[in-house]
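So the sequence shown is numbered by our numbering: it starts at 2 and just counts up by one. Beta carbons: idealized from backbone N, C-alpha and C, even for Gly. Since the structure is predicted, the reported quantities are computational estimates derived from the model, not experimental observations. Take a look at the structure set out below.
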Amino acid sequence: MKSNVKIIFHIDMNAFFISCELINHPELKNKPLAIAGKAAIYNKGVVVTASYEARKYGVKAAMPVFEARRLCPHILCIPSNMALYRENSRKFICFLQRYSKYIEVASIDEAYLDVTERCQNIHPITLAKEIQQKLVDEYQLPTSIGIATNKFLAKMASDMKKPMGITVLRNKEIKEKLWPLPIGDMYGIGKKTAPKLISKGIKTIGELVKEENKDTVKEILGNQYTHFYQNALGYGNNVVDPERYADNKSIGNSSTYRENIVHERIAYKHLRELTESVVKRLNKHRYLTKTITVQIKYVDFKSYTKSKTISNYTDEFHVIYNIIIDLFDVLWNKSPIRLLGVSTSHLIEKKVMNKQLSLFNYEHFAEDEQIVKLMNKINRKYGDNTIKKGNKLKK
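The structure is reproduced here in structure tokens:
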């Protein structure tokens, strides 16, 4: 690579949840494994992820457990261990800090690393081999590493050789290595968008940038067209931003009331309105949150807050509102209330999570998604709160 360009690594831990389990259970190495929920013992639920040995039988994420067992009768299903995965993810990021101060966490099992400065005295491939080997030797975490001049190309490169691969994707190789790939393999093109493009004859990444396809692709991608077009040409973002997911972002609303609030029912009503406003802003900016805060100011102008940080990021109204009510019930001392506030912090961009929800509640999400979509559709048509889950009603 030229000395005047950036060198970006995308480091992706291979079958991360499986690797974490093997640290505690080395006797399971080289066996077909799947991470699934507790319902797997009843042959229910879905596969969160599978070992490479299980994938050889066709087992993959989101597959029903009964189907996985049909394809691979001797597969072992292991319940997810959130604490274990988080701890190893923390170790992974701490390890990367040995090599660069420019680290951007992409998800629980992947990160971008700007090693431009580090590579002044070492070849990028040599450095990648060192990082890869030390992660195995010290933490038993196998990885694939993509090397490129920007984040998009590095991400695409890391996916080209798994497990334990190291791939360099140079800008001059884009036409040869990137453009022939299926359009569905392009990072950021979702499962809903890919079929739309394919139906219009846009089957590869290379076909996305063809001049004759410009209008068609624009119609499908909308205001994201330029982003994908630039990425496909190799002009992606090369800024590795350690602060991208910093916890200092917040979205909140508060309101001062003419009449002091003395009844729980009235307080709940106002908290619902504030929460609705906050959730709408989260959706507008496409953020998820995992820290929710309620504020109370009494007539003596003394203000109190209480917060809760949850395990998984969310933007669901009923999740946030129920937490707000629980916090309020603990915080309120029954004195007249002058001001109420609701805020969310510890935000992350929704596209980054990619509906992963840390994958720890994947099973619940997969089962619940269609119900939530239907409820949202009805509420959009007939007004907010026309329909809600019965177990979320306050008595």
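Notebook entry, point to check: According to the neighbour-count rule (16 or more other Cβ atoms, all chains shown, within 10 Å of its Cβ), is Glu-370 buried or exposed?
Noted result: Here residue 370 refers to the residue found at position 369 when the sequence shown is read from its first residue. At Glu-370 the pLDDT is 43, less than 50, meaning the model places this residue with poor confidence and gives no usable figure here.
Next item on the list: Decide if the region 274 to 290 is in contact with the region 320 to 331; the criterion is three or more beta carbon pairs, one per stretch, under 8 Å apart.
Entry: yes
Notebook entry, point to check: Does the distance from the C-beta atom of Ile-76 to that of Tyr-58 stay below 9 Å?
Noted result: Taking the first residue of the sequence shown as 1, we reach residue 76 at position 75. Taking the first residue of the sequence shown as 1, we reach residue 58 at position 57. For Ile-76 and Tyr-58, yes; Cβs fall inside 9 Å.
Checklist line | Whether Val-48 touches Ala-37 by CB criterion (9 Å) | finding: Here the question's residue 48 lines up with position 47 in the sequence shown. Here the question's residue 37 lines up with position 36 in the sequence shown. Yes, the Cβ-Cβ distance between Val-48 and Ala-37 is below 9 Å.
Next item on the list: For Tyr-113, count neighbouring Cβ atoms within 10 angstroms of its own Cβ and tell me buried if that reaches 16, exposed if not.
Entry: As a working note, residue 113 is residue 112 in the sequence shown. Tyr-113 comes out buried.
Notebook entry, point to check: Is the Cβ-Cβ distance between Arg-339 and Val-295 less than 9 Å?
Noted result: As a first step, residue 339 must be located in the sequence shown, where it is residue number 338. As a first step, residue 295 must be located in the sequence shown, where it is residue number 294. Their beta carbons are not under 9 Å apart, which means Arg-339 does not touch Val-295 by this criterion.
Check: Helix, strand or coil: how does DSSP classify Ser-336 here?
Finding: Against the sequence shown, residue 336 aligns to sequence position 335. If DSSP states are grouped into helix, strand and coil, Ser-336 belongs with coil.
Checklist line | Proximity to Lys-307 [Cα-Cα], best of Thr-345, Gly-235 and Pro-337 | finding: Within the sequence shown, the letter at position 306 stands for residue 307. For the residues Thr-345, Gly-235 and Pro-337, the minimum Cα distance to Lys-307 belongs to Thr-345.
Note to self: For Lys-30 and Ala-63, what's the separation of their Cα atoms in angstroms?
What the structure shows: Here the question's residue 30 lines up with position 29 in the sequence shown. Here the question's residue 63 lines up with position 62 in the sequence shown. If you take the alpha carbons of Lys-30 and Ala-63, they lie about 22 Å apart.
Margin query: Between Glu-274, Lys-193, Asp-138 and Val-116, which has its C-alpha nearest Gly-253's C-alpha?
Written below: By 1-based counting over the sequence shown, the position of residue 253 is 252. Gly-253 has its Cα closest to that of Glu-274, out of Glu-274, Lys-193, Asp-138 and Val-116.
Next item on the list: Could you pull out every residue in the same chain whose Cβ sits closer than 7 Å to the Cβ of Tyr-226, ignoring the five residues on either side in sequence?
Entry: As a first step, residue 226 must be located in the sequence shown, where it is residue number 225. Val-218 and Lys-219, listed in sequence order.
Check: Counting along the chain, where does the alpha helix (DSSP H) carrying Ala-129 start and finish?
Finding: In the sequence shown, residue 129 corresponds to position 128, counting from 1. Looking at the DSSP string, the run of the alpha helix (DSSP H) that includes Ala-129 is 125 to 140.
Next item on the list: Could you tell me if Val-240 is buried or exposed, where buried requires 16 or more neighbouring beta carbons within 10 angstroms of its beta carbon?
Entry: On the sequence shown, position 239 is the one that residue 240 refers to. So Val-240 ends up on the exposed side.
Note to self: How far does the beta strand (DSSP E) with Leu-34 in it extend, from its first residue to its last?
What the structure shows: Locating residue 34 in the sequence shown gives position 33, counting from the first residue. Start and end: 34 to 37.
Notebook entry, point to check: Distance, Cα to Cα, Tyr-86 vs Leu-170?
Noted result: Your numbering for residue 86 matches position 85 in the sequence shown. Your numbering for residue 170 matches position 169 in the sequence shown. So the alpha carbons of these two residues sit roughly 30 Å apart.
Note to self: Let me check understanding here. Comparing Cα to Cα, which of Ala-268, Asn-25, Met-83 and Arg-70 lies closest to Ile-311?
What the structure shows: Residue mapping note: residue 311 aligns to position 310 of the sequence shown, counting from 1. For Ile-311, the nearest C-alpha among the options comes from Met-83.
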